[in-house]
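Residue numbers (this note's numbering), protein chains in the order written: chain A, 64 to 157; chain B, 13 to 499.
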């Protein structure tokens, strides 16, 4: 199904702005990889349950006790544009 | 005085420190001098934390003077740079994280520090652990200490090279599809990928969350057991860490292997394996027989689907995990953004390297509307079949043995432009992550060109003890793990 990989559509979904050079390089590589993973089509999996997680772990609960956490400033200082206790981003609503 | 050209094993270091043969400070300084001498050629590290290491070593010496006997007290470790260390850069070798410094330690790092370890620095990797050569590092490649024209393997190539070049006593790596075992094999060191859930993933930057595991990379199987005792066990901060008993792994080292059954997967010795690799692994199997182990041929019939299954599932999980790099909370933000969408797209375009983009695109595709069932769900079903292969095989044997990689260390740039060929070389290591079982690489030979070859040992879930027993007995019978490159 490699012909169906529309690189512009997928890049937009992935929030990646690829350059034309990148698209030219990536497209044939991805086509080759998708052709290869089509190999799974030959497996009969009609009676097979999917495995999402390898261990028989279901929900893990704990008491909802407040714990000491790191100061807000430790996290805000990592941001490229912190602003008065918030993260500054470009205008969202036009 | 510690010898700067020859970092001791972890066990030796602990014994020497206890006997005051040298101090923790002298040992740490000797590792730092070794880095000064070889790092320009090997480039195993992204960041060397010289001052902090010296402070930690002095603190260790004070603890030693008080009679403290913690298992890693005074032992200089290298940490893969996708494992968070408070106050030191944790960058995953990605420009998108820049000089990110984590506000907290990974649980494995926290446990190592409490056990007295000294952290020398952060080691190189393929960006976000995506790759098999460390060439996908966004900062610089690392070179194989055995042959500087070759790759150390990946993605934990920096940790493997640092151990092989004696730039640390031991290291931590991470393994999502072979990223501990394959570089261990390429660099002639010991590496263990524990059972999924054995070691907390808290503070390990997520690549593929259902496959990732942190593990030890060491000079010997003994050292790996000591490190596992420290880093393993349930952690309330990682709900996928398993609530199972933690044995003392060092107790498993000296058990007898006589009468144990070792399964040889037929599918791991087919076309495509390098003849010198095959010979080294077959000789290692003969050594196991000479120790009294019985061999039995087994089949893992879905092996041919493993690479496809892995790249569907790992890329799908990666595309979701890496959506957090949006230029808002940390890391790189573009200068060129008029609106929010442009900020996301340009920050990610500028910050991620080529392999990471390739995998995000592939992962987004297999999860996208109309393709989810054909790829992602199909991959999860194939994963069940691969897991069952191991369950069937372990009905006939205690442990499996085979190669880690069909080839010895590649030349730099040899496979960089053909990602499909690169992915296919992961064939022998990815199934264990899909099945969640523990697997270990131990050095088992060298090619004529003096490149190390590793033997891979695999055991059922939570049976790391079996790997320690067999690996240790193998190292008692051989001396490949005592061979180091001249630099």
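C-beta: ideal position from N, C-alpha, C; glycine also.
Quantities reported herein were computed from a predicted structural model and do not represent experimental measurements.
Cα-Cα separation between residue i and residue j, rounded to whole angstroms
{"i": "residue 424/B", "j": "residue 154/A", "result": "45 Å"}
{"i": "residue 14/B", "j": "residue 26/B", "result": "12 Å"}
{"i": "residue 343/B", "j": "residue 248/B", "result": "27 Å"}
{"i": "residue 417/B", "j": "residue 75/B", "result": "42 Å"}
{"i": "residue 404/B", "j": "residue 225/B", "result": "24 Å"}
{"i": "residue 382/B", "j": "residue 322/B", "result": "20 Å"}
{"i": "residue 41/B", "j": "residue 132/B", "result": "10 Å"}
{"i": "residue 385/B", "j": "residue 109/A", "result": "12 Å"}
{"i": "residue 357/B", "j": "residue 409/B", "result": "51 Å"}
{"i": "residue 20/B", "j": "residue 84/B", "result": "13 Å"}
{"i": "residue 435/B", "j": "residue 185/B", "result": "20 Å"}
{"i": "residue 145/B", "j": "residue 165/B", "result": "4 Å"}
{"i": "residue 173/B", "j": "residue 196/B", "result": "8 Å"}
{"i": "residue 298/B", "j": "residue 30/B", "result": "38 Å"}
{"i": "residue 275/B", "j": "residue 103/B", "result": "40 Å"}
{"i": "residue 365/B", "j": "residue 106/B", "result": "7 Å"}
{"i": "residue 361/B", "j": "residue 277/B", "result": "42 Å"}
{"i": "residue 427/B", "j": "residue 324/B", "result": "21 Å"}
{"i": "residue 79/A", "j": "residue 152/A", "result": "18 Å"}
{"i": "residue 149/A", "j": "residue 141/A", "result": "12 Å"}
{"i": "residue 151/B", "j": "residue 227/B", "result": "23 Å"}
{"i": "residue 345/B", "j": "residue 354/B", "result": "11 Å"}
{"i": "residue 363/B", "j": "residue 82/A", "result": "13 Å"}
{"i": "residue 266/B", "j": "residue 221/B", "result": "34 Å"}
{"i": "residue 101/A", "j": "residue 334/B", "result": "25 Å"}
{"i": "residue 290/B", "j": "residue 447/B", "result": "24 Å"}
Where residue i meets chain A, residues with beta-carbon distance less than 8 Å
{"i": "residue 355/B", "result": "152, 153"}
{"i": "residue 432/B", "result": "92, 95, 96, 99"}
{"i": "residue 544/B", "result": "Residue 544/B lies beyond the residue range present for chain B, which begins at 13 and ends at 499; the question has no answer from this structure."}
{"i": "residue 447/B", "result": "117"}
{"i": "residue 361/B", "result": "79, 80, 81, 82"}
{"i": "residue 377/B", "result": "68, 73, 93, 97"}
{"i": "residue 324/B", "result": "100, 103"}
8 Å Cβ cutoff met for residue i and residue j
{"i": "residue 331/B", "j": "residue 77/A", "result": "yes"}
{"i": "residue 327/B", "j": "residue 284/B", "result": "no"}
{"i": "residue 181/B", "j": "residue 115/B", "result": "no"}
{"i": "residue 118/B", "j": "residue 216/B", "result": "yes"}
{"i": "residue 156/A", "j": "residue 399/B", "result": "no"}
{"i": "residue 204/B", "j": "residue 167/B", "result": "no"}
{"i": "residue 143/B", "j": "residue 154/B", "result": "no"}
{"i": "residue 472/B", "j": "residue 449/B", "result": "yes"}
{"i": "residue 176/B", "j": "residue 415/B", "result": "no"}
{"i": "residue 391/B", "j": "residue 233/B", "result": "no"}
{"i": "residue 237/B", "j": "residue 202/B", "result": "no"}
{"i": "residue 53/B", "j": "residue 223/B", "result": "no"}
{"i": "residue 393/B", "j": "residue 113/A", "result": "yes"}
{"i": "residue 93/A", "j": "residue 317/B", "result": "no"}
{"i": "residue 476/B", "j": "residue 210/B", "result": "yes"}
{"i": "residue 147/B", "j": "residue 90/B", "result": "no"}
Closest Cα partner of residue i within the set the options
{"i": "residue 292/B", "options": "44/B, 85/B, 458/B", "result": "458/B"}
{"i": "residue 143/A", "options": "347/B, 124/B, 420/B, 282/B", "result": "347/B"}
{"i": "residue 140/B", "options": "109/B, 81/B, 119/B, 125/B", "result": "109/B"}
{"i": "residue 126/B", "options": "407/B, 72/B, 143/B", "result": "72/B"}
{"i": "residue 135/A", "options": "110/A, 81/A, 147/A", "result": "147/A"}
{"i": "residue 240/B", "options": "411/B, 123/B, 302/B", "result": "123/B"}
{"i": "residue 129/B", "options": "159/B, 435/B, 36/B, 146/B", "result": "36/B"}
{"i": "residue 430/B", "options": "91/A, 72/A, 71/A", "result": "91/A"}
{"i": "residue 372/B", "options": "337/B, 231/B, 351/B", "result": "337/B"}
{"i": "residue 23/B", "options": "194/B, 189/B, 99/B, 231/B", "result": "231/B"}
{"i": "residue 501/B", "options": "487/B, 55/B, 494/B", "result": "Residue 501/B falls outside the range modelled here, since chain B spans only 13 to 499, and no answer is possible."}
{"i": "residue 251/B", "options": "131/A, 123/A, 129/A, 133/A", "result": "123/A"}
{"i": "residue 470/B", "options": "494/B, 412/B, 389/B", "result": "412/B"}
Residue i: contacting residues in chain B (beta-carbon distance under 8 Å)
{"i": "residue 137/A", "result": "115"}
{"i": "residue 142/A", "result": "340, 341, 342"}
Residue i: contacting residues in chain B (beta-carbon distance under 7 Å)
{"i": "residue 116/A", "result": "222"}
Neighbour list for residue i in chain A, Cβ cutoff strictly below 7 Å
{"i": "residue 395/B", "result": "114"}
{"i": "residue 372/B", "result": "77, 79"}
{"i": "residue 387/B", "result": "100"}
{"i": "residue 208/B", "result": "117, 118"}
{"i": "residue 106/B", "result": "By Cβ distance, chain A contributes nothing, its closest Cβ being about 14 Å from residue 106/B, past 7 Å."}
{"i": "residue 132/B", "result": "By Cβ distance, chain A contributes nothing, its closest Cβ being about 24 Å from residue 132/B, past 7 Å."}
Closer than 9 Å at the beta carbon, the chain A residues around residue i
{"i": "residue 112/B", "result": "141"}
Practice task
Entirely within the stretch 87 to 170 of chain B and at least 3 residues each: give me those beta strand (DSSP E) ranges in chain order.
Solution key: 88 to 92, 130 to 135
Practice task
Mind listing, in chain order, the continuous alpha helix (DSSP H) runs of no fewer than 4 residues lying wholly within the stretch 89 to 151 of chain A?
Solution key: 135 to 139
Handout entry: Complete alpha helix (DSSP H) runs within the stretch 350 to 416 of chain B (minimum length 4 residues, chain order)
Key = 352 to 363, 366 to 379, 390 to 405
Handout entry: 4 or more residues per run - each alpha helix (DSSP H) lying fully within the stretch 423 to 495 of chain B
Key = 431 to 436, 442 to 447, 476 to 489
Problem - Complete alpha helix (DSSP H) runs within the stretch 193 to 249 of chain B (minimum length 4 residues, chain order) - result: 193 to 199, 233 to 243
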